[in-house]
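Visitor: Going line by line, the protein sequences match chains A, B, C, D and E. To get our numbering, take the position in the first sequence, counting from 1, and add 225. To get our numbering, take the position in the second sequence, counting from 1, and add 30. To get our numbering, take the position in the third sequence, counting from 1, and add 1. To get our numbering, take the position in the fourth sequence, counting from 1, and add 266. To get our numbering, take the position in the fifth sequence, counting from 1, and add 266.
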Amino acid sequence: MSDTHAQTVPFVRDTMLPSAAPPIRESGAVRWMRENLFSGPVNTILTLLGLLIVWFLIATFWDWFAHSVWNASSLNECREIITATWGDTARGACFAVIRERWNQYLFGFYPRELYWRPTMTFGLLMVALAPVLFSASLTIRRVVLAITAVVTLWAMVVLGAPVVWLAFAVLVLAGGGYLSERNITWLLPFSALYPLLGVWLLWGGSLWGPIFVLVGPALGWVAWRLLSRVSGLLATVAAILVTLVFWMVLAGDATGDAERMLSLSIESVRSDRFGGFLLSLTIGVAGIALSLPLGIVLALARQSDMFLIKSLSVIFIEFIRGVPLITLLFVASLLLNYFLPPGTSFDIILRVIIMVTIFAAAYMAEVIRGGLAALPKGQYEAADALGLDYWKAQRLIVLPQALKISIPGIVSTFIGMFKDTTLVTFVGLYDPLKSMSDAVRANIEWKGIYWEPFIFVGGIFFLICFGMSRYSMYLERRLQRDHR
Amino acid sequence: MLVNDRRYRSLTFQVIVFILVMAAGWWLIDNTIRNLALMGKSFDFGFLWSRAGYDISQTPIPYTADDTHLRASVVGLLNTLIVAVLGCIAATVLGVIVGVSRLSKSWLFARLMTVFVEIFRNMPLLLWILIVYAIFTEIMPPPNAYRGDDPAASMIFFDHVALTNRYTSIPTLAMTNDPGSLDLGARITFNWATIAFVVALVGGWFIRRAILSHAQTMQDRTGDRPVTWWKNLAVMTVPSLVLIWVFGLHFEAPSLQGFNFTGGLNVSNSLVALWLALTLYTAAFIAEIVRAGILSVSRGQSEAAFALGLRPNRTMNLVILPQALRVIIPPLISQYLNLTKNSSLAIAVGYMDLRGTLGGTTLNQTGRELEAIVLMMLTYLVLSLIISSGMNVFNARVKLKER
Amino acid sequence: QEGGATLAQVMERDELNCGVNTGLVGFAAPDANGNWTGFDVAYCRALAAAVLGDPDKVSFVPTTGQTRFTALSSGEVDVLARNSTWTYSRDTDLALDFVGVNYYDGQGFMVSRELGVTSAKELDGATICIQTGTTTELNLADYFRANQMDYTPVNIDSNAEGEQQYMAGACDAYTTDASGLAATRAAFADPESHIILPEIISKEPLGPAVRHGDNNWGDIARWTLNALIAAEEYGVTSRNIEELVRSSTNPEVQRLLGTTDELGAMMGLDAEWARRAILANGNYGEIFAANIGEQTPIGLARGLNAQWTQGGLLYAQPFR
Amino acid sequence: MSEQTTRQIDRSQMTVSDEIAIDIRNMNKWFGSFHVLRDIDLTVHRGERIVIAGPSGSGKSTLIRCINRLEEHQAGHIVIDGVELTSDIKNIDKVRSEVGMVFQHFNLFPHLTVLENCTLAPIWVRKVPRKQAEATAMRFLEKVKIPEQADKYPGQLSGGQQQRVAIARSLCMQPKIMLFDEPTSALDPEMIKEVLDTMIALAEEGMTMICVTHEMGFAQAVANRVIFMDQGQIVEQNNPTDFFNNPKSERTKLFLSQILGH
Amino acid sequence: MSEQTTRQIDRSQMTVSDEIAIDIRNMNKWFGSFHVLRDIDLTVHRGERIVIAGPSGSGKSTLIRCINRLEEHQAGHIVIDGVELTSDIKNIDKVRSEVGMVFQHFNLFPHLTVLENCTLAPIWVRKVPRKQAEATAMRFLEKVKIPEQADKYPGQLSGGQQQRVAIARSLCMQPKIMLFDEPTSALDPEMIKEVLDTMIALAEEGMTMICVTHEMGFAQAVANRVIFMDQGQIVEQNNPTDFFNNPKSERTKLFLSQILGH
Ligand SMILES: Nc1ncnc2c1ncn2[C@@H]1O[C@H](COP(=O)(O)OP(=O)(O)OP(=O)(O)O)[C@@H](O)[C@H]1O
Ligand SMILES: Nc1ncnc2c1ncn2[C@@H]1O[C@H](COP(=O)(O)OP(=O)(O)OP(=O)(O)O)[C@@H](O)[C@H]1O
Ligand SMILES: [Mg+2]
Ligand SMILES: [Mg+2]
């Protein structure tokens, strides 16, 4: 053994060396520049190229932006102002068109005195979404709800909302804030009721309508309770039947009668007055909200081991995903009436929402399928071993987890869908991008204006989509963290 | 009871669903039949063989207003394919460049690329199509700006390409010794020269493969890999050069005659705008896919390769890319699918694709919306299925073997 | 729909669904508040006034070139008042019933003055902007073939886009119905630098259409249009109508205004239907003048659309 | 722990020559402004087997990664087998092809079979004919006792098998020096033994090795020298017997009490 | 190993009744064409504690998964507490609510708190009022010695604690029979003891248990019978003393030498 130790020089450090400052090229701005801008010939070239691009963009567009006009009543006036202020050859943006027509881009032809209604509806949407999207972090919830409350109330006051409704909004927003501090899940009933509230606020009419829509499932539940002692299957069938029969046969008349007895209606607004971002958001949100349950059913069906169910769902999903949305919109506007009993014809917005829902549901099904697949098999086995049946296992164990995993995917689907709502222009609806701009340009004053509406509409789309995509990335990262 | 037995339960359920689906299907079909009867229409594809009567601005195969609606639809389909293929190629190239650049060490350049990606991803495609189209029509000069002794605009690329607000006029290839054409019937012809070039290129490609496999065997045997790049280059180019010389191939620059440039190939702005917009939009998504794919190969892989003494370029070719591609290609193909479907937005710029012909003018002139839309959807569906089955084959082939 | 069903439906709904253009200045366009105005819109309002007694009981359904006929045949709209050309195949194969002509139009060309072209015959090799899915597309093809000329079509989706393309010089000529050309030209900053070529290459009788099969509803639509035209012929205007109801001695006017002979009952309406229709926006001449006439930015002359007594083609069938 | 390194190897057979394999002098390294390695002086003779220990974050990995230039040092000199590591690519290549490295997480190439993993570098770096490369690879796979897995993919192997493949892959380049960075810390207990056995076999053949590990049994069994690092510095180095039984520095004592305590 | 099962339990207190809890006769199972279980015959009396051992892949897990129908058997009979397992859902439900199962990887529901994990099945399957279910759950959580964790989520607990929650969750359904599939093999050594102690406590109360495990200390301490399986067959069964000291079959001997060897 001794020979092996011959080379070993025992060494013991008695004083620890202090840490020295790094060499100059290893610290501060110099290091940052060296590492991040000029770390090699290729990168130096790229950095210079980047500088060139930035310079080019600024040189091309700067004066156009710098010479913006915000106050004018027509394009010609804009041009005159620009010439007068910055000289003959100057170019400039005429954002006056936005100032004059912002309301159309945002609300379409919705009655001006009722602008506060959509505003409130979308403010309350944030409250309804809180337990779903912002459930995990109290801070985010606080920030979102506080901003929502301030912005919504401010906008409602500016838009001249009646005091009663202001009070209602304050109540809901404050209540939402309070519940979110206590226990966010208590807000879920509000989220569940929100779609009806939203529809009522946007379209107006009698409150009895939504109320009787609710009565249907309530009766169905009673039927289910009564019959579930006899047989689960029978009870389920009966519950569905009772609900449907109530909706189809009784709800309409009941609404009318109730309205006559006690009028609970607000001014109704027809679908053809919807346009701009109001239309986009309505279609987008309705599409997502409706496609979620459909998507869940499709995903479960696709995971099922029953051959027929599985193949039906695969065919449906692959078919919908295989054709462009625009053809589905054409189906909505041209063909849907062929498929319904002769004489039925209903609102084109509703038809578009149906097709968009179907479209989104196919994508949603794939997203949720991913969530289902990410669940370890042990979860199913544990549920089985505890004696939970299929539906209970899905409802209590599988879906809560799978949906949570899928939220980022769902948000991405929504972003895609929200962008796609611009396609409704091709079936004659007033989307904010094309139809609305065409309508604005159809006026002599604003004929010939292009870039400003594009920038305005594009900017809003960017803010919404970028915000949401960042949020979904954040969710994704957090999921990765706490799924361990 | 039957539903209580596991073996029959699912069967019962499936039978019920089957009956329901059948009933729903029957209900829809019955409604359609009754509606058709009420409107006095029939479900009949005969209209496809009647005279179309309208002109199309871009016709990859010969087409006149006297041809049938069927041929018009085929022209539309080919136009769809043209823009889709061009878009896929350009979007891939741009997307890979941007995606790799986002990983670049140059902070500024990487940030710029991030801005590019975020801007294009987060605004509707329709907006980009309209903007690019508007840029072309509003900013490019009209053809007659090229007229006169002191023209307001001048052609680029040595007087060979003219950018106008109608089209981009690019030189065509002309031959002094035209070998004639092969007639395939239905007025579809292929020039023998084209065929010769295709043969030369395909042949060259096979020879190149042979050279590479020879290099591989040499390497396997001796360890030294013969230098191949110049042989490959020669094999791929020399036959084509010879053919160019034989056919007397040359560029014919467009020139302004009458209202328009003639003599060149006028690529309409609607195609260019649609193509550019689709490219930019899809490239933003592809860039993210590429970036994620490269990042998905853990750093340990390149470190291991370096530690073995492999050079960075070999590491890229032998270790990083083969792994990254597995991650990249499936979502890449679904982007191709999206691009193909998105090309139906051609309607916004009047590009006559499948939707513009079969689902547009033909539908309008004949009033056969049911047939036209069904046919159009099926065509898109078949395209999608072809693309996605390609993806499945690929996935199955490269799947990593795990325990 | 079986006989009479449409009227009953409209009555029950207490609203008329009227298919119009998504936005063609002068003919049908929503203003900043979503109120619809225009030549076609006025017809819808007159029809609503005749049937329902209130010109505001109309729901305007914007239709594109693609969706218009389907909207009608599927029952989404009760009447289509969207500058659509009355052609043989549309009347027969598409199972529509055109109830008359409210505007005699023809397809023309507009070119920039500096191009130096004075006749459509000189357009060989030109690039021409054209809206897809219209009869103009077919006419254009036919015209150039007949004259053995060549052209490059630039297909566009909407009139607004056509203007944009034309203004930017993306096409040498813009072709559409002469009325549309006039409206477009009128809206230019410098109308003088554009000329509308003399050739009118097609006949484009534009008129409202209803579904095949419900003849009573067709009658109502047809005679409402006739009432507006006849009113102009007889000098009945929205201003003097009350007066004439009381004092007119012209038996034809009396029948029209329902003071004698209950003509309305024959169609299932009351006696005063035509009176209301005329009161809604005035007679044909008033509607024309208010929406597209020479005093408006569109500035169309009456031309073919003058009364037959003025050398035009408007010739209302007698009210008897 | 001691039960895992069953074999007590015969140290007398393992000679240490006078030739210097690695010579590190006054080496310093910063990550940004964080001083990771401070004035490292280390000389390793051919045939020496050195174990580096120390608390987490003390710079052990960084030190051995500097040795084959996976990290760049900013001050001082590193000379490997007479070749100084500068930014000269030639030198780096020469050094890397003589220094093998085994990582904590194996870092096998999942798209290649075990055999291809082992032949990749010899073929492309050393330009060995494939046949010959494969023969060598099989020899080393036999040495690590998994010749039968040659045609499987890494994903199909257990952790211990994967780490042995990683060792074989490095050996195929016939390196003069082997670096190990916690080769067993990602493994299940049953698998640790097989990997340690492989490493002991290597040590017996006289390979120069530097091994970051917490397997003190292994250190006692094969190391010539144990180096204890803390805060980027070499705090104590000694032969294993003295190091374990008679640590000098307080820090070493604390560390040993923690690591051997449980 | 022996240090882990500290308590030697008093077997005389644990009575085995004559009632038959599980009766498996001539049971066979195939996966596709692979015959996993061959002619299994096994009778378990109420209060018996059976340990199943055997090499990996011998079908141990499959056997106990057949007992509560997580896998379907293709031939033979399985009668649990007088109820035969057929494809009748009623029977399956009845059996499952009387047989508790604990898995190797716990399979707790990560989105529910510990308490909710325990009350879920009683509330939804047994339709017990929530209050009462929670009281029961707390009782069992106390029994497994983690009542203070009731409001935490599984992700916040250590492996051993998670496994004890899993046991409590099964117990909340008040099963007559408990099945354990390698309950300790995913745990770190320190945690194994706490879980084994819980299982021993359960055994002392007279629960009928079937346990697949390699913890031979546990088998010796509590089992009435040890069953050795190989290649889908029961090769040997005996009381623990004889099984360990006097194995009959060659295979058992080999197995025991491997498992006790290191
Ligand atoms: N690329 C890097 N950039 C910045 N800091 C780094 C980097 N790599 C390592 N460090 C830091 O340098 C210090 C030393 O890291 P090193 O990995 O060498 O420690 P170690 O002794 O190997 O620890 P362990 O036992 O945990 O592997 C740590 O504080 C670490 O956070
Ligand atoms: N779902 C399945 N499909 C096909 N084969 C399976 C399936 N589950 C298990 N097997 C096979 O059946 C055999 C027995 O598996 P089982 O899990 O019962 O073994 P085990 O004795 O529990 O082994 P271990 O100790 O590794 O858990 C194994 O060969 C396994 O590969
Ligand atoms: Mg380390
Ligand atoms: Mg098992």
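Glycine residues also receive a C-beta, built at the ideal position from the N, C-alpha and C atoms.
1. Establish whether the CB of D/Ala341 and some CB of chain A are separated by less than 9 Å.
2. How about D/Leu462 and B/Ala334: are their beta carbons less than 9 Å apart?
3. Is the Cβ of A/Asn301 closer than 9 Å to any Cβ of chain B?
4. Could you list the residues in the region 327 to 353 of chain B with a C-beta less than 8 Å from some C-beta on chain A, going in chain order?
5. How long is the line joining the alpha carbons of B/Asn221 and B/Pro92, rounded to whole angstroms?
6. Can you pull the chain E neighbours of A/Leu613, defined as C-beta to C-beta under 7 Å?
7. Identify whether C/Pro154 lies in helix, strand or coil by the three-state DSSP scheme.
8. Compare the C-beta of E/Asp417 against all C-beta atoms of chain A and say whether one is closer than 9 Å.
9. Quick check on this structure: which residue in A/Ser431, A/Gly430 and A/Leu396 has the alpha carbon closest to the alpha carbon of A/Phe778?
10. Residues around ligand 1, please: the condition is that the C-beta lies closer than 5 Å to some non-hydrogen atom of it.
11. Expressed to the nearest angstrom, what Euclidean distance is found between the alpha-carbon atoms of D/Ser515 and D/Asn505?
12. Leaving aside the five residues before and after C/Ile230 along the sequence, list all residues of the same chain whose C-beta is less than 7 Å from its C-beta, in chain order.
13. Give a yes or no on whether 9 Å exceeds the smallest Cβ distance from A/Arg703 to chain C.
14. In three-state terms, what does DSSP make of D/Asp305?
15. Could you give the first and the last residue of the continuous alpha helix (DSSP H) run that contains B/Asp254?
16. With 8 Å as the limit, tell me which residues of the region 239 to 254 of chain B have their beta carbon closer than that to any beta carbon of chain D; keep them in chain order.
17. Measure the Cβ-Cβ separation of D/Leu381 and D/Ala432 and say whether it is below 9 Å.
18. Three or more C-beta pairs closer than 8 Å, one from the region 584 to 602 of chain A and one from the region 415 to 426 of chain B: is that the case here?
19. Counting along the chain, where does the alpha helix (DSSP H) carrying C/Gly109 start and finish?
20. Compare the Cα-Cα distances from C/Phe61 to each of C/Ala51, C/Ala43 and C/Asp98 and report the closest residue.
21. Per DSSP, which residues does B/Ser199 bridge with? Please list them.
22. Could you name the residues of the region 348 to 381 of chain D whose beta carbon sits closer than 7 Å to any beta carbon of chain B, in the order they occur along the chain?
23. Hey, does A/Gly603 have any beta-carbon neighbour from chain E nearer than 9 Å?
24. Please go through the same chain and pick out, in chain order, the residues whose beta-carbon is closer than 8 Å to the beta-carbon of D/His480, but skip the five residues on each side of it.
25. At 4 residues or longer, what runs of the alpha helix (DSSP H) sit wholly inside the region 481 to 513 of chain E?
26. What does B/Ala307 touch in chain C if you count any residue whose Cβ is under 7 Å from its own?
27. Would E/Val478 and E/Val317 qualify as a contact pair, given that the criterion is a beta-carbon distance under 9 Å?
28. May I have the straight-line CA-CA distance separating B/Ala303 from B/Val162, to the nearest angstrom?
29. According to DSSP, simplified to helix, strand and coil, what is B/Lys371?
30. Return the residue from the list D/Met293, D/Val345, D/Val310 and D/Ile358 that minimises the CA-CA distance to D/Met473.
31. When DSSP builds the beta bridges, which residues end up paired with D/His311?
32. Can you pull out the residues from the region 283 to 295 of chain B whose beta carbon lies closer than 9 Å to at least one beta carbon of chain C?
33. Taking beta-carbon pairs under 7 Å, can you tell me which members of the region 60 to 84 of chain C lie near chain B?
Guide: Considering the structure as presented:
1. Yes, because at least one Cβ of chain A sits closer than 9 Å to the Cβ of D/Ala341.
2. Cβ distance not < 9 Å, so D/Leu462 and B/Ala334 don't count as in contact.
3. Chain B contact via Cβ: absent.
4. Per Cβ criterion, the list is empty.
5. The straight-line gap from Cα to Cα measures roughly 14 Å.
6. Ala387, Trp390 and Val391, listed in chain order.
7. Strand.
8. No, E/Asp417 lies away from the interface with chain A (no Cβ there is under 9 Å from its Cβ).
9. What the structure shows of chain A is the stretch from 226 to 709, and residue 778 of chain A is not part of that stretch, so it cannot be assessed.
10. Working through the chain, the matches are D/Phe297, D/Val302, D/Ser322, D/Gly323, D/Ser324, D/Gly325, D/Lys326, D/Ser327 and D/Thr328.
11. In this model, D/Ser515 and D/Asn505 are separated by some 14 Å (Cα to Cα).
12. Closer than 7 Å at Cβ, skipping near neighbours: Tyr285, Leu315 and Ala317.
13. For A/Arg703, the answer is no, since every Cβ of chain C falls outside 9 Å of its Cβ.
14. Three-state result, D/Asp305: strand.
15. B/Asp254 -> no alpha helix (DSSP H), and no H or E assigned at all.
16. Correct list: Gln249, Asp250, Arg251, Thr252, Gly253 and Asp254.
17. Going by C-beta atoms, D/Leu381 is not nearer than 9 Å to D/Ala432.
18. As far as the Cβ criterion goes, the region 584 to 602 of chain A does not touch the region 415 to 426 of chain B, which means the pair count is below three.
19. C/Gly109 -> not in any alpha helix (DSSP H); beta strand (DSSP E) instead, spanning Gln108 to Ser113.
20. Nearest C-alpha to C/Phe61 among C/Ala51, C/Ala43 and C/Asp98: C/Ala43.
21. B/Ala192 and B/Asn296.
22. Listed by position along the chain: Asp359, Arg362, Ser363, Met367, Phe369, His371, Asn373, Phe375, Pro376 and His377.
23. The beta carbon of A/Gly603 sits closer than 9 Å to some beta carbon of chain E.
24. Closer than 8 Å at the Cβ level, and outside the excluded window around D/His480, lie Ala319, Glu448, Ser451 and Ile525.
25. Whole alpha helix (DSSP H) segments, 4+ residues: 482 to 488 and 506 to 511.
26. The premise fails here: B/Ala307 is roughly 15 Å from chain C at the closest Cβ pair, so nothing lies under 7 Å.
27. Closer than 9 Å, so yes.
28. Each residue's alpha carbon lies about 5 Å from the other.
29. Helix at B/Lys371.
30. Of all alpha-carbon atoms in D/Met293, D/Val345, D/Val310 and D/Ile358, the one lying nearest the alpha-carbon of D/Met473 is that of D/Val310.
31. According to DSSP, residue pairing for D/His311 in a beta bridge involves D/Ile286.
32. Of all residues in the region 283 to 295 of chain B, only Gln287, Gly288, Phe289, Asn290 and Thr292 come within less than 9 Å of chain C when Cβ atoms are compared, listed by chain position.
33. Listed by position along the chain: Gly66, Gln67, Phe70, Thr71 and Ser74.
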